[in-house]
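Chains as they are written, first to last, in our numbering: chain A, 1 to 176; chain B, 1001 to 1371.
For every residue, glycine included, the Cβ atom is placed at its ideal position computed from N, Cα and C.
This structure is a prediction, so every number in the text was calculated from the model and none was measured.
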Amino acid sequence: MKTVEEIFELIKNKFPEAVFNLINTQPLDSYIEVSPLEVDKITFFLRDTEELLFDSLVLLSGVDDANGETKKDEDGGITITGGTLSVYYHLESTSLRHKVVLKASTPREKPEVVSVTEVWRCADWHEREAFDMVGIVFLNHPDLRRILLPYDWTAGYPLRKDYRNPEFYNGMKVPY
Amino acid sequence: MALKTEEMVLNMGPQHPSTHGVLRLELILEGEIIQKVTPHIGYLHRCFEKHTEAMTYPQVVPYTDRMDYLSSMYNEFGYAVAVEKLCGIEVPERVEYIRVIMGEFQRIASHLVAIGTYGIDIGAFTPFLYCFRDRETILNLFEITCGARLMYNYIWPGGVSHDLHPDFIRLAKEFIPYFRKTIDELNNLLSYNKIFIERTANVGILPKETAINFGITGPMLRASGFKWDIRKDDPYSVYNKFDFNIPVGQGLVGTVGDSWDRYYVRVLEMEESCKIIEQALEQIPEGDVSSAIPKRIKPPVGQVYGRVENPRGELGYFIISNGGTSPFRIKVRGPSFVNLSIIDELCRGYMIADVITILGTTDIVLGEVDR
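Next up, the structure:
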């Protein structure tokens, strides 16, 4: 069983360019910031190294950080420009009993993160959900379709902070 | 001249009775053999996660009820565990015991639905009636506690809404020995029934490594022979004070990790839940149940992942707080969502009838898959 600091040291030494910081917020969960375009290599290393063995991806979540420039519009909605969207990976080792959280931030204008479906198969649906809800594009994903929303949904990504409810859906007025 | 053959696409659902809700499975068939299963979900989607961003922390509780409507108590339990971890709230011991008792009763009730409807899927109607009769008794216990039978709004961050009813402990103590007998009855009716075994043994075998890689949790993972239960492996609440076993699949009538094992692990778990409830009813201390409920929840900036062992597997709440009174983001790790994603892998190479067998043992609740 390793602490977050030890895990951070290990992957920082292996990938000095792709692993950035350890954000320590004890007693709440700490997390490690990593590069969105190298996250597949890092997670392969995390899964296969003998002293880490992160064999389980517990949760993958897409989050709108809403840290860009916020502008209020006349209709009451907001528009956000710049800033980042993030993907959080909650990993766990069932044999060594340690846990770690990774965070990969990607620019809002071109949100691209490398898929980890080859490392853990369950990432498939989690990534589709993050794509569907937050609009993060997962490179190399085998089947990146919408999952919870209808396939013909065009009104945007609901879990972004500047999302607006559409006035019409398929020609029907949306009542509110 | 060879006969010309081609693959056939068959849509199962969204109204198919064995899908336990509105789920559409697109099957690609070669004759009667499954080549590929594509699940289409989202028919019940209402974006719970977006709702939460417009509400305060306590207001989220009734919405969690409506995700997995067969184990509402546990959904609230998980949410309370996560919020308490985020705010650093210490909960009175009596509350923890009440939560455990309610949670385990909910587990039994949920497994009874799983087992009963599974019998119907396979063609055995009678066990369903037995299961629902006993589930009714548990729902009555919930009703005298908080007034509701399905959507409780009972477990709040920091406490529970009402103390136990004066009759609760007596009625619960009467229920356990009565229920033990009905488990035996159920085993004779269904578990060891020859037709039932023929339909389920050696069907949909899930090896342990595949299960872990797919993130499968709960009875499905344990049926594959892997002893993993958050109640033991990452204890929350007061689960470390009780003595109980984690049943795993042993391949008694077929191979480890087949449909029968996944079914039978649930039967065994009901017995373990009875053990926990018995101990908790003996040990429960006196005390105030609402003293730790905060007037206003305003957690510090940060993020937390709180998880519990729901009847279906690991239920986790990932909460990000920006210091305000409503959550910045709540992401739910629903066990049904993850467990359903393996359906394609499990069904390939089996017959159409086996899809029903396999889907029944994943025990999904579409309210949680779609959220």
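Straight-line gap, residue i to residue j (C-alpha atoms, nearest Å)
i, j, result
"B:Ile1364", "B:His1051", "23 Å"
"A:Thr70", "A:Pro27", "31 Å"
"B:Gly1334", "A:Ile23", "27 Å"
"B:Arg1094", "B:Leu1281", "11 Å"
"A:Tyr151", "B:Ile1108", "38 Å"
"A:Glu6", "B:Gly1324", "32 Å"
"B:Phe1244", "B:Lys1275", "7 Å"
"B:Ala1353", "B:Ile1330", "38 Å"
"B:Thr1357", "B:Gly1302", "43 Å"
"B:His1020", "B:Lys1208", "26 Å"
"B:Arg1231", "A:Pro107", "39 Å"
"B:Pro1219", "B:Leu1252", "16 Å"
Buried or exposed by the 16-neighbour rule on C-beta atoms within 10 Å, applied to residue i
i, result
"B:Ile1122", "buried"
"B:Gln1283", "exposed"
"B:Phe1214", "buried"
"A:Leu52", "buried"
"A:Ile11", "buried"
"A:Asp64", "buried"
Below-8 Å beta-carbon distance, residue i vs any chain B residue
i, result
"A:Thr70", "no"
"A:Asp124", "yes"
"A:Thr154", "no"
"A:Thr142", "Inspection of the sequence shows that residue 142 of chain A is occupied by Pro rather than by Thr. With 8 Å as the cut-off, A:Pro142 does not count as an interface residue toward chain B."
"A:Asp162", "no"
"A:Val98", "This sequence places His at residue 98 of chain A; Val is not what is there. So, not an interface residue."
"A:Ile147", "yes"
"A:Arg108", "no"
"A:Leu22", "no"
"A:Leu28", "yes"
"A:Asp55", "yes"
"A:Val58", "yes"
Residue from the options with nearest C-alpha to residue i
i, options, result
"B:Ile1101", "B:Tyr1118, B:Asn1153, B:Thr1145", "B:Thr1145"
"A:Ala155", "A:Asn170, A:Leu144, A:Asp40, A:Gly83", "A:Asn170"
"B:Ile1342", "B:Ile1216, B:Val1289, B:Met1067, B:Ala1054", "B:Ile1216"
"B:Val1369", "A:Pro16, A:Glu51, A:Trp125", "A:Trp125"
"B:Phe1318", "A:Ile147, A:Arg128, A:Asn67, A:Leu59", "A:Leu59"
Whether residue i touches residue j by CB criterion (8 Å)
i, j, result
"B:Ile1120", "B:Phe1132", "no"
"B:Gly1316", "B:Tyr1069", "no"
"B:Val1189", "B:Tyr1264", "Looking at the sequence shown, residue 1189 of chain B is not Val but Leu. Not in contact: B:Leu1189 and B:Tyr1264 (Cβ atoms no closer than 8 Å)."
"B:Arg1262", "B:Ala1223", "yes"
"B:Val1203", "B:Gly1225", "no"
"B:Leu1379", "B:Glu1053", "This structure leaves residue 1379 of chain B out entirely; chain B is present only between 1001 and 1371."
"A:Val100", "A:Gly62", "no"
"B:Phe1168", "B:Thr1137", "no"
Test: residue i CB closer than 8 Å to a CB of chain A
i, result
"B:Val1304", "yes"
"B:Asp1370", "yes"
"B:Arg1333", "yes"
"B:Ser1224", "no"
"B:Asn1187", "no"
"B:Cys1131", "no"
"B:Lys1050", "yes"
"B:Phe1077", "no"
"B:Cys1087", "no"
"B:Gly1159", "no"
"B:Ile1246", "no"
"B:Arg1312", "no"
"B:Ser1110", "no"
"B:Phe1168", "no"
"B:Val1060", "no"
Partner residues on chain C for residue i, Cβ-Cβ distance less than 9 Å
i, result
"A:Pro158", "Any reference to chain C falls outside this structure, whose protein chains are A and B."
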